[in-house]
Amino acid sequence: MPQRTATVVGGGIGGLAAAIALHRRGWHVEVLERAPRFTEIGAGISLWPNALRALEVLGLEDAVRAAGALDAAGGVRDRRGRWLSRTDNAELERRFGRPLVVLHRAELLRVLAGALPADSLRPGSEVTAVRDDGHGPVVEHRGGVSRPDLVVGADGLRSAVRRALWPDAAGPRYAGYTAWRAVTEPLTERPTQGAAIWGRGERFGYTLLPGGRMYCFGTASLPAGTACAPSEYDELLRRFGSWPDPVPALLAAVRPDAVLRHDLYELPPLPSFVHGRVALLGDAAHAMTPNLGQGACQALEDAVTLAHCLDGTPDPAAALRSYDLLRRPRTRAVARRSARLGTLGQLAWPPAALLRDTAARLTPVRVTLRSMTPVLGWTAPSGPVTATKNETP
Ligand code: FAD
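The opening residue of the sequence shown carries number 15 in the working numbering; numbering runs sequentially from there.
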């Protein structure tokens, strides 16, 4: 068989992972990235056992784990700082074979981009049009025109590939709350474990990063696009500055210009992730709220599943249909579960928030962990493709 060619649109976590998975199976790949460099914004990312299993298939699990930090424990606290539930990374690893790893996004991108031949990475190559001319997919971009055997649309929430080939699909839907993220400067004294603190219509979380830093995030129920004056950092201080320790000390260790703010969106379900020889992957296919920390984990699962489906079959369109059958129900279920958790986390009415906190306090950790099995217990497909596994978290 002549070497098959793939154009991946978007060089984020999902696009790079897909390119690596295909490259390892002998495809000639190019990654067209709009930005001038392959890197990510200044925040952390949690990778759960399912993502580490996908990274193992890509041959990158050890490199990613070496770049990350392991919280010994974590859990949920209430607004007064009392523990509602505690989880233990050792227990997570015992149950799911892998721990939770948190790392800086730029580090993850560095590991992923480093696993591809330098000449396959094409920064500054914004894709302007994608179509099917009857012979196959055509991709127009700043550097020219590509006519590959396969196109992977991994260009994120506001995907140009999705808009071009799924023109009737509904656009992103605002989840009703916004998120701030920041990485602290290195701390001489820092907490030994992370936590999420649930308030009323607000949440604040923190977790360890390598190099003595912490990754912090906050959420608040606000109309989309609400401007925060005089700055996002001031807004963080105003909302969370008097929350239980260690929140004030963490905020004091954040540089005001290091605060990122993003309104949170999810994508209404698509009727299919594939169109001929074009497949959507990651946020372009199923952007979800970050409450489960699963968006990128699902993109990694997508990548290895896509390459597996394409393995050894001469008919990419048939392989893509299998990919769609495997990935659409699963990612839909994970997205729904994440949205439900967000609704609970953002409860603002005091009696409802109290009920939520009481339920969390009374639920044994083993029950919480067991309930995560459909999400975290994913295993990479092997052998002939079937669409019966891993579909219903
Ligand atoms: P993106 O990261 O959006 O990458 C798309 C790429 O395509 C970008 O590099 C972009 O520049 C490029 N691009 C766009 N348009 C074009 C074009 N026309 N031509 C060429 N290139 C283009 N997930 C987790 O697993 N764990 C977490 O802890 C976690 N925390 C999160 C916290 C927050 C607050 C948010 C908002 C999300 C979080 N997520 C988390 C979700 C995760 O960030 C996303 O699911 C993941 O980054 C999606 O990766 P992607 O490659 O599909 O898309």
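Note that CB positions come from ideal geometry on N, CA and C, so glycine has one too.
Cβ neighbour criterion (16 or more within 10 Å) applied to residue i
i    : result
G138 : exposed
P162 : buried
P244 : exposed
Y220 : buried
E203 : exposed
N404 : Low local confidence applies: a pLDDT of 45 at N404 is under 50, so the model's placement there is unreliable, with the coordinate-based value given in what follows. Flag for N404 reads buried.
W97  : exposed
R384 : exposed
G28  : buried
R108 : exposed
G26  : buried
A332 : exposed
R187 : exposed
P50  : exposed
H276 : exposed
A143 : exposed
I55  : exposed
T192 : buried
T377 : exposed
Straight-line Cα distance separating residue j from residue i
i    : j    : result
E105 : R354 : 25 Å
L69  : R252 : 39 Å
L36  : D182 : 30 Å
S134 : G40  : 13 Å
L117 : H149 : 43 Å
F110 : R156 : 44 Å
I211 : P364 : 15 Å
P270 : G307 : 25 Å
A65  : R380 : 21 Å
L72  : L314 : 9 Å
V153 : A234 : 39 Å
D102 : L84  : 11 Å
P205 : V22  : 40 Å
P238 : A321 : First, the residue type needs correcting, since residue 238 is Ala and not Pro in the sequence shown. So the two alpha carbons sit approximately 37 Å from each other.
G290 : D338 : 12 Å
A20  : A77  : 25 Å
R375 : N305 : 19 Å
A293 : F52  : 21 Å
T402 : T357 : Note that T402 has pLDDT 47, beneath the 50 cutoff, so the model's placement of it is unreliable and the number below is only indicative. About 29 Å.
L284 : R145 : 18 Å
G226 : W257 : 22 Å
A3   : P131 : Here the chain has residues from 15 to 407 only, and residue 3 is not among them.
D166 : L61  : Checking the sequence shown, residue 166 turns out to be Val, not Asp. So the alpha carbons of these two residues sit roughly 22 Å apart.
A394 : V90  : 30 Å
V288 : L295 : 9 Å
S173 : T372 : 41 Å
E249 : G232 : 11 Å
M228 : P63  : 21 Å
L278 : P16  : 43 Å
R136 : R370 : 48 Å
G359 : G95  : 15 Å
G170 : P200 : 31 Å
G427 : V141 : Residue 427 is absent from the model: the chain starts at 15 and stops at 407.
Top-ranked residue by Cα proximity to residue i, from the options
i    : options                   : result
Q207 : W257, V261 and S352       : V261
A310 : P50, A33, I59 and V23     : I59
G190 : G167, A143, A317 and T240 : T240
H13  : P50, W212, A49 and A32    : There is simply no residue 13 to check, as the chain begins at 15 and stops at 407 in what is shown.
T345 : L281, L126 and G185       : L281
A184 : D146, F231, V90 and S286  : S286
A362 : P113, L236 and L223       : L236
A87  : R100, I55 and R79         : R100
Y247 : V273, L223, M302 and M228 : V273
A129 : V399, Y229 and L74        : L74
S396 : L46, Q360 and T319        : T319
V45  : L222, L126, V399 and A347 : L126
Beta-bridge pairing of residue i - partner residues as DSSP gives them
i    : result
A20  : V43 and L164
L222 : M228
R275 : W194
E54  : Looking at the DSSP assignment, E54 forms no beta bridge with any residue, so it has no partner.
P151 : D146
E216 : A234
A209 : Y220
R384 : R384 pairs with nothing; no bridge assigned.
Using 8 Å as the threshold, is the segment 389-400 in touch with the segment 337-351, meaning 3 or more CB pairs across them? As far as the Cβ criterion goes, the segment 389-400 touches the segment 337-351, which means the pair count is three or higher.
For the segment 193-211 and the segment 264-278, state whether three or more C-beta atom pairs, one from each stretch, are separated by less than 8 Å. Short answer: they touch.
Check whether the segment 319-327 and the segment 168-186 are in contact - that is, three or more C-beta pairs closer than 8 Å. Segments in contact, no.
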